[in-house]
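This report concerns only the one structure given below.
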Amino acid sequence: MQIENVSRRRFLKSTAVVGGGVVIGFSMVGCSSPGPLPIELAEGGFVPNAFLQLLPDNTLRFYTPRDEMGQGVTTGLSTLIGEEFDFDPLDMEIRFAGVHEDYNNPGMGVQATGGSNATHAHYEQLRQVGANARALILAAAEQDLAIAQDQMSTDNGEIRVGSERYPYGQFVRTAATLNPPSEAPLKHQSAFRYIGRESTRVDALAKSNGTAVYGIDIDVPGMHHAVVKRSPVAGAELQSFDAEPIKAMAGVTDVIEIGSGVAVVAERYWQAKMAADALDVNWTSVPLSKVNSETIRLDYEVALTSDEALVAEDEGDVDAQWDSAEHVLEADYWTPFLSHAPMEPMNAVVRIQGDEAEVWSGTQGPVAAQGLVARFSGIDPERVKVHQTYLGGAFGRRGTLTHIIEATQVAVATGKPIHLLWSREDDLKHGLYRPASLVRLKAGVSAAGKIIAWDAARAGGNISEDTIKNMMPALFPGLGDGLIDWTVGLAQGALKGWVTDPSSIEGLFEDYDQAHTRVKHATINHGIPLTFWRSVGHSYTAFAKESMIDELALALNQDPVAFRLDNTKNNPRLQNVIRVAGDALQGLQPKEGRYLGFAAHHSFLTDVAQIAEVSVQGGQIQVHKVLCVVDCGIAVNPDIVRAQMEGAIMFGLTAALHGEHRIQDGEVMESNFDNYPILRMKEAPSVDVVIIPSTDKPTGVGEPGLPPIAPAVANAVYRATGQRLRSLPLRLA
Amino acid sequence: MIEFRLNGEVVSTVEDPNTPLLWVIRDTFKLKGSKFGCGAGLCGACTMHVDGVAIRTCVLPVAAVADKNVTTIEGLADAGDLHPLQKAWVAHSVPQCGYCQSGQIMSAAALLENNPSPSAAEVESALSGNICRCGCYPRIKQAVLAASDAMPQFQNALSTRQEV
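Chains as they are written, first to last, in the numbering used here: chain A, 720 to 1452; chain B, 87 to 250.
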């Protein structure tokens, strides 16, 4: 069966699911009129816009609209606004914004962080806001000092007139009486002083002396601690439990049923944890209870072999090319379910007082936090105050906020302020996962070394179903449950009919020049909860694509860099990072017993090429060095670009060498870092990052460093051992 | 009642003696710099010093530190000053999400206390019990090696101050 995918592009336009991001374009989000800014006004403070508060003593507070999960976005965004306001970001006080539509992600239309888009999406907006605010201060200074503006310049928070210096804060009273300009001219790039500067992160000190506050650190008077006992199999329902034996345990105050299971509340976390561990709960059986890792993979294979997959992309005539090709290769690539495993387990603090509520949690969407507390407490969203904190890692995981639902339900039921914390076991066994994938590739090359045809198919789960299910109740707290269920069902039905969400196949076919392309997709959801995981579809499509490219080059007896250069003429920026990395490769002389592997990939508007230097001893793969060439447009903070490439490589190496969830009778088997290992320092390679100089608008950096590393290592392992490994994690025979 | 020294001050607690030290420090003494990551001694986010030794406190009953000296990230350096490791952490922009960094720094501080000029391999060995999911390992290693150069001066200053 083949259904022509006429609707895919229309679907993209109408709802715009951004790879790695959050469902966007819900125009209904914007229908309420904007309320007052959630900014606490300091004595004499001046708020020219939603992002800045300037105090008379020249303190500048920057309200960061995007969430800081380690990717350095507070440094990047404060640099954009500081560049045009002319104020060093390292001298600003950084605050996390509350909920307001002025803080919406310009690339998403909702207040959410993801998809590596923050710097790109805010690049013009925050510079313009900074320039307008600077113009306002200059106008106020002109009035107060009775000096013409053309006699003035600015320098890091001060107005300069000849040798005189006047701090901006001196002019806040007058500035507050003036109308702010809306289109003050922006600087030319050549005048940038903060953008592109080598500087430390704005949050480095707080994160080195223990003072950075994460959601788990929130402590409010009278707070009680909640631990939830959840079903071992996702979707199973509570059948029975006996609360009596644990009610007498020290500190336990409440044992209550909530949507996701049984919540045990105590005065101390440890008391709640001990009692929850001692609680016996029975659960219903669901279809997922019969599912195992082996059956999942088999289902994917059957779907691809029996041609159940629907056509998602079709250009040219793939089937007509095989006969004329010099080589035709076909292979399957397997990638398992994975956890995000951020170091800070999920948590939330919810306090309800009368008709007002407050929530503290580090999330990738404060508006969703507000919506969920409102929905599950019955309190008006405008009376739900959201306190954003630092995020102890996220990688996509903190876009789904069931822990906030749980904390709200417990706070409502007990009347107590609730600190709810997941254990690591909860995180790994009851979380949301990067979907497993089976990718089947068939490719044909000509004798001249050109890729002629590219036939790709992917079977696996589709994250949109879960995304819509989780986001709709959060974004539309006012809609009734029935209406939400109906809308979710409608959207999910539409997704089934419309082949796939683009993030399921992103990166599988776009990078090379073949004239004939077909991409098919078989959506098979077994009920394992799924969500965005750092680099989303690219996390598995790059492994398949770049492994196949290596195999094609070898079949042609061609150099893998030259082969890629020959086949990326339509993607000059990708071709350029391949060229730069390839030139560097010429100069590398690995020690005896070490082998080099190459891979390149375009994702989140950014191009990356990587070379991995690998040795194999006693069946153990060791990655010694990685060279990473990246073109991400203007590097707003080059050191953060380097840090994100380093971090994404380490994250990708955990997936390449260790990461695997196994499913048995519907239950995720891995429970902690002993059986779900994370890369450790002794396994970590040294990383050299080369940033291509650019005058283009900045593009993503949080995710694009990840996709090439697994295939680069696999390609090196082939050279070291002759074994072509087509499954992750990489395991030698 | 269990009595111990916390960052130099004598403190006591009536919490259940089996409660892991981490939760007593966080929930009773409200010092939130030490983090919960795994609850099984596998990730090192909860690392503190007990009589100068780096210990995983998420699995250490508070009873085990009776009459001992416990140091957390908050007590690593004198008030208003930074430990050479913390200075190096800032200079190298080590942290990303930052959540594991207290534990990383406490493990590194215990290493430098006993071995002020470790080799790269010794740093790797001492810190491989600490997981960083953001993958800051290359910078952590560089920062520890950089800080080791400043250790003699720091220790001199500390001992001079203690004599005064």
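Cβ coordinates follow ideal geometry from the N, Cα and C atoms, glycine included.
Asked, Found
"For A:Arg912, is the classification buried or exposed, using 16 other Cβ atoms within 10 angstroms of its Cβ as the cut-off for buried?", "exposed"
"Scan the stretch 1060 to 1079 of chain A for residues whose Cβ lies nearer than 8 Å to a Cβ of chain B and list them as they occur along the chain.", "Ala1060, Pro1061, Met1062, Glu1063 and Pro1064"
"Whose C-beta lies closer than 7 Å to the C-beta of B:Val100 among residues of the same chain, with five residues either side of it excluded?", "Met87"
"In its own chain, which residues sit with a C-beta less than 6 Å from the C-beta of A:Thr1409, not counting the 5 before and 5 after it?", "Correcting the residue identity first, residue 1409 of chain A is Val in this sequence and not Thr. Contacts found: Val1348."
"For A:Gln1341, which residues from the same chain have a beta carbon less than 8 Å from its beta carbon, with the 5 sequence-adjacent residues on both sides left out?", "Val1333, Ser1334, Val1335 and Glu1402"
"Could you tell me which residues DSSP puts in a beta bridge with A:Trp1002?", "A:Leu957"
"With a floor of 3 residues, list each beta strand (DSSP E) that falls wholly inside the stretch 1349 to 1388 of chain A, ordered by position along the chain.", "none"
"So is B:Val145 in contact with chain A if we call contact Cβ pairs under 7 Å?", "no"
"Shorter than 7 Å from the beta carbon of A:Ser1390 to some beta carbon of chain B?", "no"
"Quick check on DSSP: helix, strand or coil for A:Arg1153?", "strand"
"Mapping the DSSP letters down to three states, classify A:Phe1095 as helix, strand or coil.", "helix"
"Determine the extent of the beta strand (DSSP E) in which A:Asp1407 is found, giving its start and end residues.", "Ser1405 to Ile1410"
"Can A:Leu1057 and A:Gly1378 be called in contact, C-beta distance under 7 Å?", "yes"
"Got a sec? Which residues, its chain only, sit under 8 Å from A:Ala997 by beta carbon, not counting five neighbours each side?", "Pro964, Ile965 and Met968"
"For a contact defined as C-beta to C-beta under 8 Å, what are the partners of B:Thr105 on chain A?", "Arg987 and Trp989"
"Mapping the DSSP letters down to three states, classify A:Tyr885 as helix, strand or coil.", "strand"
"So is A:Phe1317 in contact with chain B if we call contact Cβ pairs under 7 Å?", "no"
"For B:Ser193 and A:Leu1372, what's the separation of their Cα atoms in angstroms?", "24 Å"
"Can you grab the Cα-Cα spacing for the pair B:Leu213 / A:Ile937, in whole Å?", "28 Å"
"At 9 Å on the CB atoms, spell out the chain B contacts of A:Leu1110, in chain order.", "Cys183 and Tyr185"
"Let me see if you follow: with CB-CB separation under 7 Å, is B:Glu160 close to chain A or not?", "yes"
"Less than 8 Å between the CB atoms is what I'm expecting for B:Val136 and B:Val156, so what's the real figure, rounded?", "6 Å"
"Quick one: Cα of B:Asn93 to Cα of A:Ala1261, how far?", "49 Å"
"Please list the terminal residues of the continuous beta strand (DSSP E) segment that includes A:Gln1107.", "Val1103 to Gln1107"
"Got a sec: is the Cβ-Cβ distance from A:Gly929 to anything in chain B below 7 Å?", "yes"
"Closest to A:Tyr842 by CA distance: which of A:Ile866, A:Gly1352, A:Pro1404 and A:Leu1110 is it?", "A:Gly1352"
"For A:Gln1339, which beta-bridge partners are listed by DSSP?", "A:Gln1336"
"Return the chain-ordered ranges of every alpha helix (DSSP H) run that is complete within the stretch 767 to 820 of chain A and spans a minimum of 4 residues.", "792 to 804"
"What residues in the stretch 904 to 927 of chain A bring their beta carbon closer than 9 Å to a beta carbon of chain B?", "Ser918, Thr919, Arg920, Asp922, Ala923, Leu924, Ala925, Lys926 and Ser927"
"List the residues that DSSP assigns as beta-bridge partners of A:Val1164.", "A:His1046 and A:Ile1170"
"For A:His841, report the span of its alpha helix (DSSP H) as first-last.", "Ala837 to Leu864"
"Taking C-beta pairs closer than 8 Å, name the residues in chain B that A:Ala1362 reaches, listed in chain order.", "Ser179, Gln182, Cys222 and Arg225"
"At a CB-CB cut-off below 8 Å, which residues of chain A make contact with B:Arg142?", "The premise fails here: B:Arg142 is roughly 12 Å from chain A at the closest Cβ pair, so nothing lies under 8 Å."
"Buried or exposed for A:Cys750, going by 16 or more other Cβ atoms inside 10 Å?", "Legend: pLDDT at A:Cys750 = 36, less than 50; position of this residue unreliable, no value from coordinates given."
"If you drop the 5 nearest sequence neighbours on each side, which residues of the same chain put their C-beta closer than 6 Å to that of A:Arg1361?", "Val1408"
"Just grab the DSSP bridge partners of A:Phe1317 for me.", "A:Ile1330"
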